[in-house]
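Residue numbers (full-length UniProt numbering), protein chains in the order written: chain A, 1 to 273; chain B, 1 to 276. Below is one structure, written out as structure tokens; the observations come after it.
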Amino acid sequence: MAVIDANPAALDQQYELRRRRYVKMGLIWLAVIAFVAWCVNGTIIEDTDWSRIGGRSGVLSSIGRYLSLDLGLLPELLIPTLETFMMASVGTVLGCFLSLPVAWLGAANVTPSKTILYPLGRFLMVLSRSVHEIVWALLFVSAVGLGALPGILAIAMRSVGFISKISAEAIENIDTKPVEAIRAVGGSQFQVMYYGILPQIYPVVLATVIFEWDINIRRSAVMGLVGAGGLGLLFFRQMNSFNYGGVTMVILAILFLIIIGEIISHYLRKAVI
Amino acid sequence: MTDQTANSIPARKWSRFKYPDSLYKYGTLLIVLVFLGYSFHFLNIDITRLFGALGRLMGVVSDRYYPPDLEYVLDKGYLAAILDTLQMSFLGGFAGVCIAIPLAWFSAANVSPARALFPVGRLGVIFCRAIHETIWTILFVSILGFGMLAGVSALTMFCIGFAGKLFADEIEAIEMGPVEAMRAAGANPFQVFLFAVVPQVRVAFTGIAIYTWDVAFRAATVVGFFGGGGMGWYLKRNVQQLENLRVAAIILSIIAMVLIAEFLSGYLRSAVNRAK
């Protein structure tokens with residue numbers, strides 16, 4: 001914060017700086033608004049077939065189709081919900097195991113070779129996060145076939161990026177004294193990892209894994225759309241048979257599952273930290 | 001230490017966790033492991049296939065997806081689709097952030113304007129977050145028809161959920177001094193928000209908004225897969241036609257675009273942090 005000075009020259013300078021900042025902010029906002037206008041023109045005005053949507057009544061009647069709940073679907077929801085939950089859990093645990101070596105390679109202070117393996121670890125983290133889970137699922141469906149397995153693998157691959165990034169940052173920020181102590185008493189590389197590094201990063205990593213598990217429940221609910229099982233498959237079927245009430249039921253099941261996941265992860269995180 | 005004291009203390013084995021703690025810890029671990037084991041059984045997963053899966057992925061990629069048909073992604077129609085994706089993500093992110101700010105204000109426990117609005121904000125954000133962007137896309141496509149309007153709407157919902165939570169966390173972490181000063185001076189809740197909360201969170205909000213665009217771009221690459229327009233539409237078409245080399249090229253282009261977006265958002269965020 002600038003100190004207000006009685007000196008008129010300094011005051012003028014303050015005003016000048018402030019004016020320049022306003023001009024700059026104004027220009028940035030103008031650019032953002034112009035860009036938004038261009039996007040609206042490109043995506044919404046030119047690309048939309050308004051006659052097909054059919055005005056307000058058309059939209060309201062299409063929304064209304066979703067509101068008649070199909071309660072008969074209730075017994076069929078139980079097993080896919082459980083499947084989705086399990087897919088998310090197994091996928092997270094698998095992702096956790098896969099991210100261990102990636103975090104090891106991608107942490108600057110413990111990586112075995114800074115020139116080759118460190119960039120490789122960083123690249124794997126970015127790769128895992130930049131490919132969307134749907135694309136991972138597509139790849140795994142073509143590699144291992146339909147079922148829960150490709151869903152689990154897709155979730156695992158997608159989780160690796162986030163978990164290993166946070167873990168690598170945690171490893172880089174550790175206190176080096178325990179590591180040195182274990183080295184000094186003759187600990188092997190593995191013992192240094194296990195007794196020097198792991199206890200320090202364990203709370204951070206566990207909290208991250210729980211957070212990722214929470215997100216993975218959402219992700220596993222859509223894996224079925226591209227051929228892996230769970231609620232997504234049921235959603236896909238209901239949508240394709242135009243049973244809109246059933247679609248709403250599936251969405252409610254997803255919401256229910258996610259609220260349970262939030263509650264569990266809330267308590268688990270409290271227990272960990 | 002004399003012999004006497006050494007004898008009076010019974011030899012105990014050291015353990016990191018004492019009795020009740022250790023019971024809870026290992027009990028939880030046991031429950032988790034049993035649940036995971038049962039999941040494998042329930043989902044009917046073949047462990048050997050699981051371990052071979054990454055190798056198989058490599059094999060499939062090198063057999064069917066190599067070499068990527070790079071000429072296809074340099075096609076004019078596809079480049080226009082990339083631009084569409086960019087526009088959709090920007091618009092979705094912008095609209096989402098604009099809606100998320102009031103919702104975050106309602107759902108921040110410390111400055112929420114009214115007791116009745118608190119659950120509205122909380123539940124609104126949770127609802128938008130809970131449903132995956134692809135499901136939003138499918139719903140909007142069935143209501144609004146194919147095209148980018150559905151994609152933008154879906155991305156808006158996604159961004160409300162994503163940014164709303166981060167915004168609310170940011171608002172809940174502010175310093176309460178200015179808020180109390182404004183309240184003591186008789187400001188209404190909106191004035192409190194505008195003059196006591198916004199100046200504190202301005203920089204953080206800008207950073208979050210840029211990050212939201214980055215995440216929305218990642219999501220925008222696949223909304224087209226379910227009819228939302230943009231790059232995903234090309235992905236869907238080529239997946240269904242089994243044009244694997246083109247699919248590989250599209251996935252590579254998605255990775256490249258996401259990397260550019262991530263780099264850009266990182267640069268902008270650091271610029272915002274420097275300029276504050």
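Think of the CB as a built atom: it goes at the ideal place given N, C-alpha and C, for glycine as much as any other residue. Keep in mind the model is a prediction, meaning the values are calculated, not measured.
- Linking Lys177/A to Val203/B through their CA atoms gives a straight-line distance of about 36 Å.
- Here the alpha carbons of Leu139/A and Ala228/A stand approximately 11 Å from one another.
- Counting along the chain, the unbroken alpha helix (DSSP H) around Ser220/A starts and ends at 198-220.
- Per the coordinates, the alpha-carbon of Pro119/B lies some 33 Å from the alpha-carbon of Cys39/A.
- Here Asn244/B has Arg64, Tyr65 as same chain residues with Cβ atoms under 6 Å from its own Cβ, once five neighbours each way along the sequence are excluded.
- The contact set of Gln87/B on chain A, defined by CB atoms closer than 7 Å, consists of Cys39, Gly42, Thr43 in chain order.
- Proximity to Ser265/B across Leu30/B, Val192/B, Ser89/B, Phe42/B peaks at Ser89/B, based on C-alpha coordinates.
- The segment 76-96 of chain A and the segment 109-126 of chain A do not touch, with fewer than 3 CB-CB distances between them shorter than 8 Å.
- For His132/A, the C-beta contacts it makes with chain B under 8 Å involve Arg218, Ala219, Thr221, Val222, Ile254, in order along the chain.
- DSSP, read as helix, strand or coil, puts Val247/A in helix.
- Interface criterion met: the Cβ of Phe140/A is under 8 Å from a Cβ in chain B.
- In the structure shown, the three-state DSSP call for Ala184/A is helix.
- Counting C-beta atoms within 10 angstroms of its own C-beta, Arg18/A has fewer than 16 neighbours from the protein chains shown and is therefore classed as exposed.
- Neighbours of Asp84/B across chain A, judged by C-beta separation under 9 Å: Gly42, Thr43, Asp47.
- Using a CB distance cut-off of 8 Å, Phe42/B counts as an interface residue toward chain A.
- At a C-beta separation below 7 Å, Leu259/B has these neighbours in chain A: Val126, Ser130.
- The alpha-carbon separation between Val102/A and Ala184/B amounts to approximately 53 Å.
- The Cβ of Phe123/A sits no closer than 8 Å to any Cβ of chain B.
- Against chain A, the beta carbon of Ser107/B has no neighbour under 8 Å; the closest one sits roughly 14 Å away.
- Assigned with DSSP and collapsed to three states, Asn44/B falls in coil, not helix or strand.
- Put simply, the segment 163-170 of chain B touches the segment 103-117 of chain B. At least three CB pairs are less than 8 Å apart.
- Within the segment 215-263 of chain B, the alpha helix (DSSP H) runs of at least 4 residues that lie entirely inside it are, in chain order, 231-240.
- CA-to-CA, the gap between Ser51/A and Ala196/B works out to about 46 Å.
- Contact between the segment 213-228 of chain B and the segment 56-76 of chain B is absent: fewer than three C-beta pairs spanning the two stretches fall below 8 Å.
- With contacts defined as CB atoms closer than 8 Å, Ala249/B and Leu70/B qualify as a contacting pair.
- For the segment 129-143 of chain B, the residues whose beta carbon sits under 9 Å from a beta carbon of chain A are, in order, Arg129, Ala130, Ile131, His132, Glu133, Thr134, Ile135, Ile138, Leu139, Ser142, Ile143.
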